[in-house]
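Protein chains in written order, with our numbering: chain V, 4 to 117; chain P, 293 to 406.
Okay, here's the thing in structure tokens:
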């Protein structure tokens with residue numbers, strides 16, 4: 004069965020410092036992995052996705068994630084945090100097979116201090 | 293291209309009532325999925341439709357139902373509302389059902405059950 008574990012429920016960084024949001028996955032298939040962001044009172048926006056091509060995936064707004072099969076990890080990083088990055092981030096795995104439904108992690112709330 | 297739209301955006305109902313939520317996918321997208329988001333349970337998959345057929349269903353009681361029309365628009369219905377049904381209901385559309393397809397989310401319908 005597919006699952007994702009986000010290792011931190013809350014991460015706080017200062018503006019201009021690096022961001023690291025950690026995610027581990029479990030999958031019976033070769034996984035498709037996504038990171039989505041949700042700003043307060045908004046829907047979910049796709050940041051990036053991994054679908055078995057390059058292991059380093061670049062997304063929007065300077066975010067990137069690296070797929071590491073040996074560690075079953077898909078951590079999200081950004082070199083320099085901006086105040087507008089404050090939001091909740093979800094690591095997501097696709098169910099796989101003939102089903103497209105997404106399985107979400109519990110989310111990591113990112114706070115950015117000035 | 294217009295994004296996923298959901299109506300209504302906010303809804304207040306009382307226990308025992310029923311409610312219908314609507315979702316219009318991105319033009320050309322034939323797959324629609326529904327998710328429930330609550331503070332306690334996070335984001336959980338409800339059901340997935342493609343070409344007017346329910347292809348996949350999450351672990352929710354039969355009070356939750358849905359359908360998809362020939363123009364790919366979808367509705368979900370919750371009957372005999374309970375307090376625990378208070379949540380943000382998110383609709384997502386994609387071109388097809390596939391683990392690699394990106395799902396694009398609407399802004400959600402926030403349901404409050406009193």
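Where a beta carbon is used, it is the ideal one built from N, C-alpha and C, also for glycine.
Predicted model, so just to flag it, every value in this text is computed and none were measured.
9 Å Cβ cut-off: residues of chain V touching residue i
i, result
"residue 399 of chain P", "44, 45 and 46"
Three-way DSSP call (helix, strand, coil) for residue i in this model
i, result
"residue 114 of chain V", "strand"
"residue 351 of chain P", "coil"
"residue 87 of chain V", "helix"
"residue 335 of chain P", "strand"
"residue 46 of chain V", "coil"
"residue 369 of chain P", "strand"
"residue 104 of chain V", "strand"
Beta-carbon spacing of residue i, residue j below 8 Å
i, j, result
"residue 298 of chain P", "residue 371 of chain P", "no"
"residue 31 of chain V", "residue 6 of chain V", "no"
"residue 323 of chain P", "residue 340 of chain P", "yes"
"residue 312 of chain P", "residue 363 of chain P", "no"
"residue 18 of chain V", "residue 90 of chain V", "no"
Chain V within 8 Å of residue i, Cβ atoms only
i, result
"residue 334 of chain P", "yes"
"residue 351 of chain P", "no"
"residue 391 of chain P", "yes"
"residue 340 of chain P", "yes"
"residue 373 of chain P", "no"
Chain P residues whose Cβ lies nearer than 8 Å to that of residue i
i, result
"residue 109 of chain V", "334"
"residue 8 of chain V", "Per Cβ cutoff of 8 Å: no residues; residue 8 of chain V is ~12 Å from chain P at best."
"residue 104 of chain V", "325, 337, 340, 348 and 350"
Interface residues of chain V facing residue i [CB-CB closer than 8 Å]
i, result
"residue 356 of chain P", "Per Cβ cutoff of 8 Å: no residues; residue 356 of chain P is ~14 Å from chain V at best."
Test: residue i CB closer than 8 Å to a CB of chain P
i, result
"residue 77 of chain V", "no"
"residue 83 of chain V", "no"
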